[in-house]
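S.K.: Protein chains in written order, with this note's numbering: chain V, 3 to 115; chain A, 9 to 121.
Backbone N, C-alpha and C fix where the C-beta goes; we use that ideal spot for every residue, glycine too.
(1) Residue 82/V and residue 24/V: beta carbons closer than 9 angstroms?
(2) If the cut is a Cβ gap below 8 angstroms, which residues of chain A does residue 92/V touch?
(3) Decide if residue 88/A is buried, meaning its Cβ has at least 16 other Cβ atoms within 10 Å, or exposed.
(4) Find the nearest neighbour of residue 49/V within the set 60/V, 42/V, 43/V, 69/V, judged by alpha-carbon distance.
(5) Would residue 60/A and residue 70/A qualify as a contact pair, given that the criterion is a beta-carbon distance under 9 angstroms?
(6) Closer than 8 angstroms, Cβ to any Cβ of chain D: which residues of the region 93-118 of chain A, in chain order?
(7) Would residue 64/V count as contacting chain A if we go by Cβ distances under 9 angstroms?
(8) Are the C-beta atoms of residue 16/V and some chain A residue less than 9 angstroms apart?
(9) Kindly list the residues whose CB is nearer than 8 angstroms to the CB of residue 88/V, restricted to its own chain and excluding five residues on each side of it in sequence; keep chain order.
(10) Assign residue 87/A to one of three DSSP states: helix, strand, or coil.
(11) Within the 9 angstroms Cβ cut-off, does residue 24/V reach chain A?
(12) Cα-Cα, which of 21/V, 6/V, 11/V, 5/V is closest to residue 85/V?
(13) On the criterion of 16 or more Cβ atoms from any shown chain inside 10 Å, does residue 80/V qualify as buried, or is it exposed?
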């Protein structure tokens, strides 16, 4: 069974902390994505990557960075966490041009206090 | 950027009722997808549509890719308690030179037994 695994289901961090959210996929997918999900706003793309060491900004990249050193792993970094970054974070991966749909992880619910 | 307008935002129905939701856009998409998100989980692909006018069924679910390629609907017949969740439409298109999915805001389905 193919999988996208997010390292934590729940995280609580303090304002100003550096936060790492990890995502690993076992499907040899080229493409990986980070979204945040907030009520009434749907899924908003933060960053994506189409290859190792490649990264592209999505719709809401401010306050975030990413790292993709290996094909299977895509990390989202909050350089200095703020309360407005409290949200559900979803990682996804896809094959080829992505028209076949994304496979999502179970999500990480991050609370910044 | 491109946007999908998904409606309704929420639905409260009785078990056994049929459900209908739709997505519209001012932009053309070459693939439409429907996802379901169970509480506390990531979205899971339900149906993918690849051709304008295509009508596809998956059990009690039926979805159509609009002729204009700017809309899609999802119907659920004879709803059951496990249908509860958030349903997302997604359109696939070339954005910023790369194939990406754009998501609707979601429809939250609640079922009264």
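M.R.: In this structure, then:
(1) No.
(2) Identification of chain A residues near residue 92/V by a Cβ-Cβ cut-off of 8 angstroms yields 50, 51, ordered along the chain.
(3) Exposed, by the Cβ-count rule.
(4) Looking from the CA of residue 49/V, the closest CA among 60/V, 42/V, 43/V, 69/V belongs to 60/V.
(5) Their beta carbons are not under 9 angstroms apart, which means residue 60/A does not touch residue 70/A by this criterion.
(6) The structure shown contains no chain D; the protein chains it does contain are V and A.
(7) No, residue 64/V lies away from the interface with chain A (no Cβ there is under 9 angstroms from its Cβ).
(8) Output row for residue 16/V: interface = no.
(9) Apart from sequence neighbours up to five positions away, the residues of its chain that approach residue 88/V with a beta-carbon distance below 8 angstroms are 112, 113, 114, ordered along the chain.
(10) Three-state DSSP puts residue 87/A in coil, outside helix and strand.
(11) No Cβ of chain A is located within less than 9 angstroms of the beta carbon of residue 24/V.
(12) Residue 21/V is the option with its Cα nearest to residue 85/V.
(13) With 16 or more other Cβ atoms within 10 Å, it is buried.
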